[in-house]
Amino acid sequence: MDPLFNPAQIHQVSRMEIKMNVAILGAGRIGGTLGRKWATAGHNIRFGVRNPNKSETQELIRDLNGRASATNMADAIAFGEVVVFAIPGAAMDETIAAHAAALDGKIVIDATNKMGKAVANSLPSFTAQTPKALVFRAFNNLGWENFEDPNYTGVPADLFYSGPEGQPRAKVEKLIAEVGLRPIYLGGPEQASLVDDLLKLWFTLVSSRNMGRKIAFKLLQRD
Numbered sequence: 014m015d016p017l018f019n020p021a022q023i024h025q026v027s028r029m030e031i032k033m034n035v036a037i038l039g040a041g042r043i044g045g046t047l048g049r050k051w052a053t054a055g056h057n058i059r060f061g062v063r064n065p066n067k068s069e070t071q072e073l074i075r076d077l078n079g080r081a082s083a084t085n086m087a088d089a090i091a092f093g094e095v096v097v098f099a100i101p102g103a104a105m106d107e108t109i110a111a112h113a114a115a116l117d118g119k120i121v122i123d124a125t126n127k128m129g130k131a132v133a134n135s136l137p138s139f140t141a142q143t144p145k146a147l148v149f150r151a152f153n154n155l156g157w158e159n160f161e162d163p164n165y166t167g168v169p170a171d172l173f174y175s176g177p178e179g180q181p182r183a184k185v186e187k188l189i190a191e192v193g194l195r196p197i198y199l200g201g202p203e204q205a206s207l208v209d210d211l212l213k214l215w216f217t218l219v220s221s222r223n224m225g226r227k228i229a230f231k232l233l234q235r236d
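Here the numbering used here runs 13 ahead of the position in the sequence shown, where the first position is 1.
Set out below in C-alpha cells:
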C-alpha cells in the first residue's frame, strides 16, 4: 500500500515544477472552482464550453486575469494534456463519442456523475470509445464547496481517486494537492466503482442525515 500523504507532503507535491495545459470541459461550480485553483497554481487553463461568450464564463475569465481562456470543447481538448470532464452526466456519452479520437492518449479526469444511473462514472464509455485515454476517477465524491475550501480546522480533506499507475498518476496527484486536498489512491481504473461508493455515502450524509454539504472525509492511520 502506498504511504499516505500528510499536509507537509501535499505542500511538497503541489510545488513540483510541473506546469500543465489543463482543459476543463464545463465552467460551472465544479469546473470553475477547479480552474481557479489550478490557474492560481500557475497552470494554463482553457475551459471548453458550448458558449464561450456566456456572461458567467466571461466573468470567470476576467476574474482569472489572463490565466485562463474559454473556447469550444474541441479546441480545449486539443490544447490540454489533461482533460477534466465537469459537464452534466447526461451529456457524457455524447461528448465522449464526439471527441473520441482527440481524447486518445490524453490524461482524462472524470469528475462527472451520471445521477440516477446504475453506474455513476463514464469509464465504460471511455473504454469503448477512446481506449488509449488514461482515465482517472476523481473530484466526484465531494461537493464543490470542498474544492473551494478543503481546510477543516487546519486539516485538509481527503480526496479518494482511482486511475492508471505511472507518471500520469503523479500529475493527477499534483492537481489534487494544488486544490488543497490530500490524494488517497484506491487503485487502478477497476476501482472507479469504489470511488463512486464514497459519492453515495457523501450524499446520504448530506441529504438523509441532514448534515449539509460542507462535510468531507478523512482517513486516519496509526504507525
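Quick reminder that beta carbons are idealized off the backbone N, C-alpha and C, glycines included.
All figures in this text were calculated on a predicted structure; none of them were measured in a lab.
Determine the burial state of residue i: buried for a count of at least 16 other Cβ atoms within 10 Å of its Cβ, exposed for fewer.
i	result
G44	buried
N154	buried
M105	buried
Y165	exposed
R222	exposed
G48	buried
S135	buried
In whole angstroms, what is the alpha-carbon distance linking residue i and residue j?
i	j	result
Q180	M33	13 Å
R9	Y174	Nothing can be reported for residue 9, as the shown portion of the chain is limited to 14 through 236.
D210	F92	32 Å
I74	L116	24 Å
F60	P137	24 Å
A83	K67	10 Å
N85	F230	35 Å
G176	Y198	8 Å
F98	A87	13 Å
L218	V208	16 Å
V185	L194	12 Å
P101	A124	10 Å
How would you write the range of the alpha helix (DSSP H) that residue i sits in, first residue to last?
i	result
L73	S68 to D76
G61	Segment N57 to G61 is the beta strand (DSSP E) holding G61; no alpha helix (DSSP H) there.
L47	R42 to T53
A229	Run containing A229: none; DSSP gives neither H nor E here.
N159	E158 to E161
In the DSSP assignment, find the beta strand (DSSP E) that holds residue i and state where it starts and stops.
i	result
F173	D171 to Y174
F149	L147 to R150
D123	I120 to D123
A83	A81 to T84
A141	Segment L136 to Q142 is the alpha helix (DSSP H) holding A141; no beta strand (DSSP E) there.
Quick one: what's got a C-beta closer than 7 Å to residue i's C-beta in the same chain, skipping five residues either side?
i	result
E191	S27, K50, W51 and A54
Spatial neighbours of residue i within its chain, please: CB distance less than 6 Å, with the 5 preceding and 5 following residues excluded, ordered by chain position.
i	result
Q71	none
Please return the same chain residues whose Cβ sits closer than 8 Å to the Cβ of residue i, not counting the five positions on each side in sequence.
i	result
L212	N126, A133, N153 and N154
Residue ranges of each alpha helix (DSSP H) within the stretch 168 to 222, 4 or longer: Annotation: the stretch 168 to 222 contains the following complete segments of the alpha helix (DSSP H) (minimum length 4 residues), in chain order: 180 to 192 and 205 to 216.
At 4 residues or longer, and completely inside the stretch 89 to 121: list those alpha helix (DSSP H) runs for me, N to C. The stretch 89 to 121 contains these whole alpha helix (DSSP H) runs: 105 to 111 and 113 to 116.
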